[in-house]
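As numbered in the working numbering, the sequence shown has no gaps in its residue numbers, which increase by one up to the final residue, 411.
The C-beta atom is built at its ideal place from N, Cα and C for all residues, glycine as well.
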Amino acid sequence: MTGLTGQDGGYLAEQLVAAGDVVHGVVSSAQDPDGVPGHLRDLGDALVVHEADLRDLTALTALVDDVEPDRLFNLAGMSSVAASWEDPVGALEVNARPVLGLLEHLHRRSERGAPPTRFVQASSAEVFAGCGRTPIDESCPVTPLNPYGSAKALAHQSVGMYRARGLHASSLVLFNHESPRRPTRFVTRKITAGVAAIAAGRADRLTLGNLAVHRDWGWAPDYTRAMVLAAAAATPDDYVVATGRAHSLFDLVETAFAQVGITDWRPYVVSDAALIRPADAEVLVGDSTRLRTRLGWAPTVDFDGMVAAMVAADVAALADELPG
88 MTGLTGQDGG
98 YLAEQLVAAG
108 DVVHGVVSSA
118 QDPDGVPGHL
128 RDLGDALVVH
138 EADLRDLTAL
148 TALVDDVEPD
158 RLFNLAGMSS
168 VAASWEDPVG
178 ALEVNARPVL
188 GLLEHLHRRS
198 ERGAPPTRFV
208 QASSAEVFAG
218 CGRTPIDESC
228 PVTPLNPYGS
238 AKALAHQSVG
248 MYRARGLHAS
258 SLVLFNHESP
268 RRPTRFVTRK
278 ITAGVAAIAA
288 GRADRLTLGN
298 LAVHRDWGWA
308 PDYTRAMVLA
318 AAAATPDDYV
328 VATGRAHSLF
338 DLVETAFAQV
348 GITDWRPYVV
358 SDAALIRPAD
368 AEVLVGDSTR
378 LRTRLGWAPT
388 VDFDGMVAAM
398 VAADVAALAD
408 ELPG
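Written out as structure tokens, the structure reads:
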């Protein structure tokens, strides 16, 4: 799998190892392979770490030839919409080009009679952000609204092309999914970490952008479980992974403050127009009927449970930092 040290990579690796698999995880060439997070080190010999740059297709394809995986999960890449506006070409380089290169390599391997490899792409709801209807399902037209979505759209469509050429290739259209492992540069963890800091008296305000934005937020381990199901399915396809319920950032802020006993939270929240993204979809909510009916998937943690787990983890982390 690529993207081993990201939020989803960790949960997916844990789930695969629990099922008895040996996981070969790719980390960036700029990252210390021995510096993987503790939850990954706990996997012991069931996890083999490899170093490769996503932009180095020669290294990636050589690794595929060396490992000969039965499944290949592509989770790596630029994961921030905001970052993609700062580097649109970079988003294409790491979110689309490696996917096309890996798919072509797997296709050539299959033509040579190599053991088959099933491919799972971590796609995104941003691929369909401008489709104009809600909830979004797999039949929605591909209409990205930002460089991140555009790069993911190319990768998503490439999966379909190579599936038509005979590869077992599935694209998982992941709607927003969160956990305590989400980096604090993402607004959800910015909120839960900020609320924990305010409750601990270590901060007095939380600066945010547009609180009216609605997203379909789910629990990250539920979404990586969908990847496992797609890889094991008899027939490959595209699958929307979503809860089917949208909440606003306002809801997330209110729920997070409630977890620390603060009901009058408005004095702590400041709005900054500079944090509002250009061309951001106001509402993104998904319809996961295909995934639920075909593969038996269902979310296990709801919105309130997700926020509660994130706040609790941030509160505990701050407590561990305090002396005594």
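Rounded distance between the beta-carbons of residue j and residue i, thought under 8 Å
i: residue 42; j: residue 311; result: With the chain covering 88 to 411 only, the question about residue 42 has no answer from this structure.
i: residue 339; j: residue 275; result: 7 Å
i: residue 209; j: residue 95; result: 7 Å
i: residue 388; j: residue 335; result: With 8 Å as the limit, residue 388 and residue 335 do not qualify as a contact, their Cβ atoms being about 19 Å apart.
i: residue 139; j: residue 133; result: No, residue 139 and residue 133 are not in contact; Cβ-Cβ is about 20 Å, not under 8 Å.
i: residue 396; j: residue 203; result: Their Cβ separation, rounded to whole angstroms, is 38 Å, which puts residue 396 and residue 203 out of contact at 8 Å.
i: residue 186; j: residue 242; result: 4 Å
Test: residue i CB closer than 8 Å to a CB of chain C
i: residue 162; result: Absence of chain C from the displayed structure is noted, only one protein chain being present.
Collapsed DSSP secondary structure at residue i in the structure displayed
i: residue 211; result: strand
i: residue 341; result: helix
i: residue 182; result: helix
i: residue 357; result: strand
i: residue 176; result: helix
i: residue 336; result: helix
i: residue 86; result: It is not possible to answer for residue 86, since the shown part of the chain is limited to 88 through 411.
i: residue 325; result: strand
Candidates the options: closest to residue i by CA position
i: residue 412; options: 126, 111 and 184; result: The chain is shown only over 88 to 411; residue 412 falls outside these bounds and no answer can be derived.
i: residue 315; options: 378, 239, 241 and 175; result: 378
i: residue 256; options: 206, 298 and 245; result: 206
i: residue 249; options: 295, 195, 209 and 148; result: 195
i: residue 113; options: 90, 132 and 125; result: 90
i: residue 407; options: 199, 291 and 287; result: 287
i: residue 169; options: 163, 177 and 375; result: 177
i: residue 373; options: 215, 180, 383 and 93; result: 215
i: residue 371; options: 129, 212 and 137; result: 212
Cut-off 6 Å between Cβ atoms - residues of its own chain near residue i, not counting five sequence neighbours on either side
i: residue 188; result: 144
i: residue 264; result: 305, 307 and 310
i: residue 273; result: none
i: residue 109; result: 133
Same chain, Cβ closer than 7 Å to residue i, neighbours up to 5 away in sequence not counted
i: residue 218; result: 227, 228 and 230
i: residue 270; result: 276
Close-in-space but distant-in-sequence residues of the same chain around residue i (CB under 8 Å, 5 per side omitted)
i: residue 423; result: Here the chain comprises residues numbered 88 to 411, so residue 423 is not present and cannot be evaluated.
* What residue ranges within the segment 193-276 form continuous beta strand (DSSP E) runs of no fewer than 3 residues, ordered along the chain? -> Taking only runs of at least 3 residues, the beta strand (DSSP E) segments lying wholly in the segment 193-276 are 205-211 and 256-261.
* **Length-filtered (3 minimum) beta strand (DSSP E) runs lying within the segment 104-178** => Here the runs fully enclosed are 110-114, 134-138 and 158-161.
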